[in-house]
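Quick notes on the structure that follows.
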Amino acid sequence: MSDENNGKHVHPFLSKHVPSQISNTQKLCYRHRPDLVKNRGPDEFIHVQAIQAQMEKLATSDKEAISHIWSLFAAAPADQRTLILKGLVSTCCMPQLSFLHNVTKPLLRIDFVSILPIEVVLSIFSYLDATTLCHAAQVSQTWKKLADDDSLWHRMCEQHIDKKCAKCGWGLPLLDKSRSQAVRKRPLLTPIQLACGPSFTANQTESNDAGSNKRRKSNHHDTVTTSLSEAPIMQQQQPALPSAPASIAKRPWKDVYSERLVVERNWRNNNHTLLTLQGGHTDGVMCVQFDEILKIVVTGSFDKSVCVWDLDTGALRQTLRGHSRCVRALQFDDAKLVTGAMDNTLKIWNYQTGQCIRTLEGHTGGVLSLHFDSRILASGSTDHTIRLWNFQVGECYTLSGHTEWVNSVRICHQGTMLVSSSDDSTVRLWDLQTRSCIRVYRGHVGQVQVALPSPHGFRHRLESNIADTNAFHQTSSASTSTSFTASSASTSLQQQQRPGCAVSVNTTPLNYNATSPNNVQPFPSSSSSTPHYKKSTEASDAPIIISSALDNTIKIWNIATGACLKTLFGHVQGIWGLAFDKLRIVSGSHDKTIRVWDTETATCLYALEGHHGPVTAIALSDTKIISASDDGQVKIWDFGFNNNVNK
103 MSDENNGKHV
113 HPFLSKHVPS
123 QISNTQKLCY
133 RHRPDLVKNR
143 GPDEFIHVQA
153 IQAQMEKLAT
163 SDKEAISHIW
173 SLFAAAPADQ
183 RTLILKGLVS
193 TCCMPQLSFL
203 HNVTKPLLRI
213 DFVSILPIEV
223 VLSIFSYLDA
233 TTLCHAAQVS
243 QTWKKLADDD
253 SLWHRMCEQH
263 IDKKCAKCGW
273 GLPLLDKSRS
283 QAVRKRPLLT
293 PIQLACGPSF
303 TANQTESNDA
313 GSNKRRKSNH
323 HDTVTTSLSE
333 APIMQQQQPA
343 LPSAPASIAK
353 RPWKDVYSER
363 LVVERNWRNN
373 NHTLLTLQGG
383 HTDGVMCVQF
393 DEILKIVVTG
403 SFDKSVCVWD
413 LDTGALRQTL
423 RGHSRCVRAL
433 QFDDAKLVTG
443 AMDNTLKIWN
453 YQTGQCIRTL
463 EGHTGGVLSL
473 HFDSRILASG
483 STDHTIRLWN
493 FQVGECYTLS
503 GHTEWVNSVR
513 ICHQGTMLVS
523 SSDDSTVRLW
533 DLQTRSCIRV
543 YRGHVGQVQV
553 ALPSPHGFRH
563 RLESNIADTN
573 AFHQTSSAST
583 STSFTASSAS
593 TSLQQQQRPG
603 CAVSVNTTPL
613 NYNATSPNNV
623 QPFPSSSSST
633 PHYKKSTEAS
643 DAPIIISSAL
653 DNTIKIWNIA
663 TGACLKTLFG
673 HVQGIWGLAF
683 DKLRIVSGSH
693 DKTIRVWDTE
703 TATCLYALEG
713 HHGPVTAIAL
723 SDTKIISASD
733 DGQVKIWDFG
743 FNNNVNK
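Residues 103 to 749 in the numbering used here are what the sequence shown lists, from first letter to last.
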């Protein structure tokens with residue numbers, strides 16, 4: 103065909119289609135939108151320059167022919183473009199088809215972020231995990247701006263922090279120590295301190311000399327009830343709380359997530375720094391507690407002293423002396439420190455000044471354990487009893503039921519329940535309103551050293567009785583005849599302390615409704631039904647108790663049913679110390695090791711070694727484990743060392 107004929111057929115074709123292509127900009131495809139062409143990456147421009155360089159090497163006639171083909175194709179409508187391509191593809195050889203495959207693959211990728219509304223893009227990004235979101239932020243500045251959106255990372259934090267994610271199985275520590283210390287500050291006067299007048303002057307009962315045997319039994323078995331009526335609560339107005347700063351700088355949620363992710367990776371990979379506190383105690387350390395906001399560690403020892411340490415530097419701040427026997431238990435808050443010792447007394451201290459504010463007497467044996475909340479102080483003793491010191495009403499009463507030393511006490515369920523453990527190999531649940539034991543957990547074959555109830559919001563995927571767990575969350579409207587009927591206020595303590603308060607394991611489940619603390623009633627169990635246990639696929643919020651004993655095991659109990667959900671094996675000698683949170687369990691043993699367990703699966707992750715004596719006490723936070731040992735040393739295992747979380 104001659105050039106004149108080519109022109110005759112081509113020019114009308116171009117003039118027919120080009121004007122409509124140019125004038126109708128709304129029909130432009132994704133690749134030819136003017137607002138997107140200018141944002142194309144440098145690779146595409148380099149590709150166009152390479153084509154132009156190749157064209158310059160051709161003869162003039164070849165350049166005109168190729169340009170004519172391109173112009174014709176560019177002017178053709180969509181249907182005719184497809185027809186032209188079909189004809190070209192049908193004439194291509196294999197190398198050309200391979201070239202088309204390779205060159206079209208990257209061109210088919212669409213940057214949906216640039217064409218979709220921001221709300222739709224954020225909705226798509228909300229389905230991504232943290233790793234993919236970080237990769238998306240590296241695509242371009244536009245992608246980074248959207249991938250770093252605070253709403254996305256806030257949702258990511260809600261899904262992972264202080265809980266296990268159901269999708270990925272990861273949980274991140276809370277790191278509540280990063281809160282402003284101004285908000286945490288409280289006055290030094292609390293209900294307990296307001297009741298702390300001069301020390302009791304009652305005659306002290308001399309306890310047996312423990313000597314080198316730190317577990318020698320006491321010969322006192324009698325129950326003693328004491329009243330605090332001679333020391334009424336002073337009606338003194340507390341100073342106002344300091345107000346929080348008016349404006350607090352907000353951090354991006356991505357930074358919050360990243361900070362906690364590094365800490366959790368340290369926990370999983372056993373990456374930590376180790377600091378040993380030295381120069382304070384001359385004998386075995388029996389109890390320990392620390393606070394990462396106040397930045398102090400408090401330890402009690404067999405050398406009769408209590409030491410206050412600086413958490414960051416490990417320096418000894420102060421030594422408190424006043425007990426005449428081994429200090430076995432302690433707890434402190436912002437205002438006060440309460441200690442219990444084998445001299446049968448509890449002491450309340452102002453640990454900032456070192457002053458002993460008050461001495462509480464009443465136990466006829468050494469004090470082994472204590473725990474307090476905002477209004478009640480509970481203590482367990484070698485006299486086999488538990489004492490509750492209620493400073494709001496100025497009263498002290500006794501709970502009896504254990505037949506051996508009471509090694510741990512823990513107030514729970516908004517101050518209406520108490521969990522205790524004893525050398526009689528049992529764990530007991532007490533109702534503080536009726537002052538009676540409502541369940542006994544049997545299964546350990548050694549002295550139970552620690553029993554801890556799960557905190558509010560705790561979730562797990564352990565073996566559970568599905569029927570009893572469902573009953574646990576129901577509210578019973580029918581009255582049930584039971585041996586656990588609450589005693590009247592006039593009933594004597596001796597009647598409430600009857601030995602018949604013990605119940606069998608795996609029998610009647612309790613209705614332990616968190617929204618109604620007063621509604622605690624046993625459910626009748628059907629003798630014809632057999633409980634079925636299976637692995638829970640969904641996280642359960644049924645409260646549990648975790649206990650450790652000298653039989654080398656840790657047991658996890660269902661509070662409602664009394665069933666043992668899991669037994670953890672790993673230690674080769676008795677377990678003295680135990681602590682846990684929503685992500686991990688930490689135990690210290692007579693075998694000189696510390697074991698870290700996954701709370702959700704109850705599997706041992708690794709063991710920490712370093713002590714030269716039995717590990718007697720354990721304290722746990724989001725970033726640290728602090729262990730005390732019979733070798734007189736206190737060690738700080740810091741898993742948050744890569745972060746500025748303590749600043």
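Ideal placement from N, C-alpha and C gives every residue a C-beta, glycine not left out.
TODO: Report the option in 246, 220 and 360 whose CA atom is closest to the CA atom of residue 277.
DONE: 360
Open item on the list: Buried or exposed for residue 670, going by 16 or more other Cβ atoms inside 10 Å?
Closed with: buried
Open item on the list: Tell me the residue span of the alpha helix (DSSP H) that contains residue 364.
Closed with: Per DSSP, the unbroken alpha helix (DSSP H) holding residue 364 starts and ends at 355-371.
Open item on the list: My parser needs the beta strand (DSSP E) runs of 3 or more residues fully inside the segment 691-726; what are they?
Closed with: 695-700, 706-711 and 717-722
- [ ] For my contact list, residue 562 and residue 657 are in at a C-beta cut-off of 8 Å; report their separation, rounded to the angstrom.
- [x] In fact, because the Cβ distance is near 14 Å, the residues do not count as touching under 8 Å.
Open item on the list: Tell me the residue span of the alpha helix (DSSP H) that contains residue 183.
Closed with: 180-193
Task: Close beta carbons around residue 672, own chain, < 6 Å, minus the five adjacent residues each side - done: For residue 672, the CB contacts under 6 Å within the same chain, skipping 5 residues up- and downstream, are 697 and 706 in chain order.
TODO: Go ahead and pull the three-state DSSP assignment for residue 489.
DONE: Residue state, collapsed to three classes: strand.
Open item on the list: Helix, strand or coil, according to DSSP, for residue 519 in the structure here?
Closed with: Strand, per DSSP.
Task: Whether residue 365 touches residue 725 by CB criterion (8 Å) - done: yes
Task: Where the alpha helix (DSSP H) containing residue 196 begins and where it ends - done: 196-209
Open item on the list: Is it buried or exposed, residue 131, if we count other Cβ atoms within 10 angstroms and call 16 or more buried?
Closed with: Per the 10 Å Cβ criterion, exposed.
Task: Cβ neighbour criterion (16 or more within 10 Å) applied to residue 446 - done: Under this definition residue 446 is a buried residue.
Open item on the list: Do residue 510 and residue 523 have their beta-carbon atoms positioned less than 8 Å apart in this structure?
Closed with: Yes; because the gap between Cβ atoms is below 8 Å, this pair is in contact.
- [ ] With hydrogens ignored, establish whether the beta-carbon of residue 721 is closer than 7 Å to any heavy atom of the ligand MG.
- [x] Absence of the ligand MG from the depicted structure is noted, as is the absence of any ligand whatsoever, leaving it without description.
TODO: Work out the CA separation of residue 223 and residue 393 for me, nearest whole Å.
DONE: 43 Å
Task: Backbone CA spacing between residue 462 and residue 439 [nearest angstrom] - done: 13 Å
Open item on the list: Do residue 411 and residue 423 have their beta-carbon atoms positioned less than 8 Å apart in this structure?
Closed with: no
Open item on the list: Let me check one thing: in DSSP terms, what residues is residue 659 bridge-paired to?
Closed with: 647 and 666
- [ ] Inspect the beta-carbon positions of residue 473 and residue 449 and report whether they are closer than 8 Å.
- [x] no
Task: Through-space distance from residue 379 to residue 728, alpha-carbon basis - done: 10 Å
Open item on the list: Tell me the residue span of the beta strand (DSSP E) that contains residue 377.
Closed with: 375-379
- [ ] Can you say whether residue 181 is buried or exposed, counting buried as having 16 or more other CB atoms within 10 angstroms of its CB?
- [x] exposed
TODO: Quick one: grab the DSSP three-state call for residue 212.
DONE: Of the three classes helix, strand and coil, the one that applies to residue 212 here is coil, per DSSP.
Open item on the list: Let's test the definition: count the other Cβ atoms within 10 Å of the Cβ of residue 369 and tell me whether it reaches 16, buried, or not, exposed.
Closed with: buried
Task: Those residues which DSSP pairs with residue 401 across a bridge - done: The partner list for residue 401 (beta bridge, DSSP) reads 390 and 409.
Open item on the list: Per the DSSP calculation, residue 458 is bridged to which residue(s)?
Closed with: For residue 458, which the question treats as bridged, DSSP gives the partners 451.
Task: Sequence-distant residues of the same chain with beta carbon closer than 6 Å to residue 634, five excluded per side - done: Caution applies to residue 634, whose pLDDT of 39 falls short of 50 and renders its modelled position unreliable; the value that the coordinates give is listed next. So no residue of the chain qualifies.
Task: Bounding residues of the beta strand (DSSP E) (the contiguous stretch that carries residue 473) - done: 469-474
TODO: With residue 498 as the anchor, note down where its beta strand (DSSP E) starts and where it stops.
DONE: 497-502
Task: Distance CB(residue 264)-CB(residue 354) smaller than 8 Å - done: no
Task: Under the three-state DSSP convention, the category residue 236 falls into - done: helix
Open item on the list: Excluding the 5 residues flanking residue 675 on each side, which residues of the same chain have their C-beta closer than 7 Å to its C-beta?
Closed with: 654, 691, 692 and 693
- [ ] Using beta-carbon positions only, say whether residue 377 and residue 740 come within less than 8 Å of one another.
- [x] yes
Open item on the list: Let me check one thing: in DSSP terms, what residues is residue 671 bridge-paired to?
Closed with: In the DSSP output, where bridge partners are listed per residue, residue 671 has 655.
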